[in-house]
Amino acid sequence: MATISVNKLQSLVDERISIKVSGLPTNSPVTLHLQIKETYGSFSAFGHYMTDEAGRLNLDSSCSVGGTYTGLDSMGLFWSLKQDPSQRTGLRLLRREAEIPLKYQLTALNGHVMWDELAGEQKPDSGHALCSIALERTYLSDSVERLPIKFGRLRGALFKPRSQRSCPPVIDLFGTGGGLMEHRSALLAKEGFSVLALAYFNYEDLPKELHEIDMDYFEEAVDFMLASPYSRLGPEGGLGLIGVSAGADIVANAAIMFGKKVRAVAWLNGNRCRSWFPVRYRARWLPNHFPMNVALVKPSDRSDGLDSREACCSGCTEAQELPVEKSTCRFLFLSSLDDYSMPVDTGARLAARIRRSNGQRRVDHVAYPGAGHLLEPPISPCTPLCYHGLYGLNMDYGGNSKQHHEAQVDSWCRIIQVFREELDPVSARL
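If you want it as structure tokens, here you go:
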């Protein structure tokens with residue numbers, strides 16, 4: 001009788017697991033189908049394999065010869081997940097609440113079953129299914145605790161290792177999706193950081209819509225973390241900031257404005273101008289914000305989404321770019337070269353500004369061919385087409401599943417390394 005065995009039925013989303021199947025027909029084609037059903041839609045991945053002479057599969061050593069991924073990768077079924085074709089387009093597989101696990105069903109089927117039968121309206125014939133098992137993946141490790149934050153105007157959640165009273169502090173920001181995004185913060189905390197997942201609109205009693213960037217709010221968050229009993233500052237002081245998309249714009253502005261309060265910044269696929277939105281700091285409006293030029297947003301030439309590369313910071317001259325050279329912190333710029341929502345040369349341009357200003361200052365820039373806009377923690381699936389709340393339409397975020405996966409593995413390691421070196425240099429040298 002066919003049986004699927006997994007070394008961990010409950011695991012973290014960035015954790016590699018071992019999947020084996022036994023009791024299958026010998027030297028025969030078999031399909032493994034992974035599916036997750038959320039309230040807003042369902043996602044699937046599948047691989048085609050050949051069993052050995054004993055009727056076994058081991059994804060640590062068995063290559064996929066077809067499906068949503070090919071080659072040898074024990075986690076290929078997870079990073080190659082795609083929304084089922086019967087669903088509305090533009091869905092993103094994400095759990096905002098780190099405490100709620102993602103629940104998957106893994107099924108072994110006889111023969112090489114194709115995508116339209118697995119994930120479309122037609123369901124596999126009952127004779128195909130050989131065995132099945134339920135799996136759970138979560139963002140929140142048992143070693144990490146979540147503390148809700150409601151302090152003054154600040155709203156969010158703080159994640160920290162249970163075993164440590166204080167850790168190097170980091171603030172985590174996302175873009176124009178709004179609300180509170182906890183998943184990355186929970187995983188970063190597992191690596192030994194005290195991380196504040198910070199909401200700034202469309203959450204609890206915060207403004208429902210984003211009309212301006214209030215940098216005083218973010219400075220309040222920085223000061224809160226620097227004074228927190230859960231934060232352990234390094235010899236140089238300061239904290240880390242990480243932001244993607246519009247969140248990258250905010251952390252870059254913070255690095256420029258807040259001086260030595262900021263020690264390290266991880267910037268992921270942001271703009272080169274100050275922001276799309278008006279930026280206010282200490283009762284004055286700051287220059288050089290460039291609203292999205294809607295007239296330059298056009299249909300993508302490769303998908304049903306929108307291409308906004310030319311619309312971002314349209315008309316921004318080099319003199320009007322973010323003056324990141326005025327910051328004192330270390331920057332890690334991460335650029336996805338298959339992103340159709342942002343100009344892909346922005347990270348390189350901003351890194352060059354710092355190098356021209358001070359050739360001795362350490363700045364890192366990494367560009368990833370084939371990677372899309374939403375760089376997430378490892379083993380997260382790529383979201384090439386994503387609904388954008390501000391437009392009410394799908395954006396072409398790009399990304400080839402395999403190259404995007406490789407970029408996420410590499411970028412995650414770099415983010416952790418930079419934060420350790422700058423925020424906890426003693427431990428980083430051990």
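Throughout the sequence shown, residue numbering follows full-length UniProt numbering, covering 1 to 430 in sequence. C-beta atoms are modelled at their ideal positions from N, C-alpha and C, and glycine is treated no differently. Fair warning: this is a prediction, and the values are worked out from it, not measured in the lab.
- Taking the C-beta atoms as reference points, M225 is found nearer than 8 Å to I171.
- Counting only unbroken stretches of 4 or more residues, the alpha helix (DSSP H) elements lying wholly within the stretch 134 to 196 are 183 to 190, in sequence order.
- With fewer than 16 other CB atoms across the displayed protein chains lying within 10 angstroms of its CB, C413 is exposed.
- Within the stretch 252 to 333, the complete beta strand (DSSP E) runs of at least 3 residues fall at 262 to 268, 279 to 281.
- Pairwise C-beta distances place the stretch 377 to 384 out of contact with the stretch 225 to 235, as fewer than three of them are shorter than 8 Å.
- When secondary structure is reduced to three states using DSSP, C386 falls in the strand class.
- Within the DSSP secondary-structure output, S341 pairs in no beta bridge.
- Judged by DSSP secondary structure, L423 falls outside any beta strand (DSSP E) and instead within the alpha helix (DSSP H) spanning 401 to 423.
- Counting only residues of its own chain and dropping the five nearest sequence neighbours on each side, S194 has a CB closer than 6 Å to the CB of K160, C167, P169, Y230, S231.
- Assigned with DSSP and collapsed to three states, D216 falls in helix.
- Setting aside the 5 residues that flank it on each side, I133 is surrounded in the same chain by I4, L106, each with a C-beta closer than 6 Å to its C-beta; the list follows chain order.
- Here DSSP, grouped into helix, strand and coil, assigns I36 to strand.
- Note on the stretch 74 to 129: whole beta strand (DSSP E) runs with a minimum of 3 residues are 102 to 110, in chain order.
- Residue pairing for Y49: DSSP places it in a beta bridge opposite V30.
- In the DSSP assignment, T3 falls within the beta strand (DSSP E) that extends over 3 to 6.
- In this structure, the alpha-carbon of L94 lies about 16 Å from that of S401.
- Distance between R16 and T317, taken at the CA atoms: about 45 Å.
- If the five residues before and after D339 are omitted, its C-beta is found closer than 7 Å to the C-beta atoms of N269, G372, H373, Y397, G398, all from its own chain and listed in chain order.
- According to the DSSP assignment, I242 belongs to the beta strand (DSSP E) that extends over 239 to 244.
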